[in-house]
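Residue numbers (UniProt numbering): 1 to 236.
A virtual CB, placed ideally from N, CA and C, is assigned to each residue, including glycine.
See below for the structure under consideration.
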Amino acid sequence: MVDSVIFYGNIIPLDRDNHRDFVLDIDDDRFGFSAGSHLVPAVFDEFVAAAPHIPVVFLPGVNAPVPVFLVGLRAGKNVLVSAEGRWLGNYIPAYVRRYPLMFGEIEGRAPITCIDSAYTLPKGKSGARIFTDEGEEMPILVERIRLMNEFFLAAKRGESLVKTLIDLDLLRPVTIDAKFESGETLALHGMLTVDPGRLDELSDEDFLRLRRESLLPAIYAHISSLSCIDAIRKLS
1 MVDSVIFYGN IIPLDRDNHR DFVLDIDDDR FGFSAGSHLV PAVFDEFVAA
51 APHIPVVFLP GVNAPVPVFL VGLRAGKNVL VSAEGRWLGN YIPAYVRRYP
101 LMFGEIEGRA PITCIDSAYT LPKGKSGARI FTDEGEEMPI LVERIRLMNE
151 FFLAAKRGES LVKTLIDLDL LRPVTIDAKF ESGETLALHG MLTVDPGRLD
201 ELSDEDFLRL RRESLLPAIY AHISSLSCID AIRKLS
């Protein structure tokens, strides 16, 4: 199971006074923090854009399965980020792009913008400020908040979409087998994917339910994305 807050060390509310001088790394080599995980949380809204580049699978969650990007076959190794911290693929997951910011939830209140207090700007970089001297939001922060809001809302919608997949019995456990150039073999267990055969067997009523919920593009993109597993294997 993937940790819902991987990459984050200590999440605290963003404060325009306490974080007035905070700066973000906005360079292309800022993604080194993601090197230590072969799984990255995903949302359904990303499936179509990501499918040609990154495999999308589901993992059992605390309450229900959750979608994730498979960015490596060996535990703790993201093969889509270089040693210098550059993202090597053509699609960067929103979860990665939003770091070190995220939305935090407090029951009964609107989401609040939070930040990883463990985040530090790499030595030698100047970065970009997120607040002006007067405490107003800089464009980079406005853009990150927009991204976080899209991700947050998509994740909430995704909960009901996963329920639909479960209701229609579309998810099946799979084992991903890989053989590397060295001759080493590896098997990943515990993942779930949509069963194309079961999808074809759906009644017209159930298939129309997927259409009404706008799930069909995401489902087909998910199935198509599995062809990227071999590319991940070659990089592993």
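Beta-carbon proximity of residue i to residue j, cut-off 8 Å
i: Tyr95; j: Phe151; result: yes
i: Val43; j: Pro67; result: yes
i: Gly7; j: Arg86; result: What sits at residue 7 in the sequence shown is Phe, not Gly. Result no, Cβ atoms of Phe7 and Arg86 do not sit closer than 8 Å.
i: Gly61; j: Ile232; result: no
i: Glu213; j: Thr164; result: yes
i: Cys114; j: Ile26; result: no
i: Met148; j: Met191; result: no
i: Val194; j: Ala64; result: no
i: Leu24; j: Gly183; result: no
i: Met138; j: Ile145; result: no
i: His53; j: Gly89; result: yes
Nearest candidate by alpha-carbon position, reference residue i, set the options
i: Gly36; options: Phe44, Ala83, Val48, Ala231; result: Ala83
i: Glu134; options: Glu143, Leu14, Asp21; result: Asp21
i: Glu181; options: Lys234, Glu201, Ser224, His222; result: Lys234
i: Ala218; options: Lys179, Gly158, Ala128, Ser203; result: Gly158
i: Ala49; options: Leu59, Pro65, Phe69; result: Phe69
i: Arg198; options: Lys179, Ala178, Gly183, Ile223; result: Ile223
i: Asp210; options: Pro55, Val81, Asp167; result: The question names Asp, but residue 210 is Leu in the sequence shown. Considering only alpha carbons, the answer is Asp167.
i: Arg16; options: Leu141, Cys228, Ile92; result: Leu141
i: Thr120; options: Glu201, Glu107, Tyr99, Val79; result: Tyr99
i: Lys123; options: Asp230, Ile229, Ser160, Asp29; result: Asp29
i: Leu171; options: Ser160, Val57, Asn78; result: Val57
i: Ala110; options: Lys125, Glu136, Leu153; result: Leu153
i: Tyr91; options: Ser227, Val5, Pro55; result: Pro55
DSSP-derived helix/strand/coil call for residue i
i: Asp133; result: coil
i: Thr164; result: helix
i: Gly72; result: coil
i: Val62; result: coil
i: Pro41; result: strand
i: Val79; result: coil
Beta-ladder partner(s) of residue i, from DSSP
i: Lys179; result: Thr185
i: Met102; result: Cys114
i: Met191; result: Val174
i: Leu24; result: Ala128
i: Ile12; result: Ile115
i: Pro67; result: Phe58
Contact set for residue i: own chain, Cβ-Cβ below 6 Å, skip 5 residues either direction
i: Asn10; result: Ser117, Ala118
i: Ile112; result: Pro13, Gly104
i: Ala51; result: Ala221, Ser224, Ser225
i: Asp177; result: Ala187
i: Leu216; result: Leu210
Residues near residue i in its chain [Cβ-Cβ closer than 8 Å; skip 5 each side]
i: Arg74; result: His38, Leu186, Ser236
i: Asn18; result: none
Same chain, Cβ closer than 7 Å to residue i, five either side skipped, listed in chain order
i: Glu46; result: Pro93, Ala94
i: Leu202; result: Leu168
heavy atom of the ligand NAP below 7 Å from residue i C-beta
i: Arg146; result: Here there are no bound small molecules, and the ligand NAP is not part of this structure.
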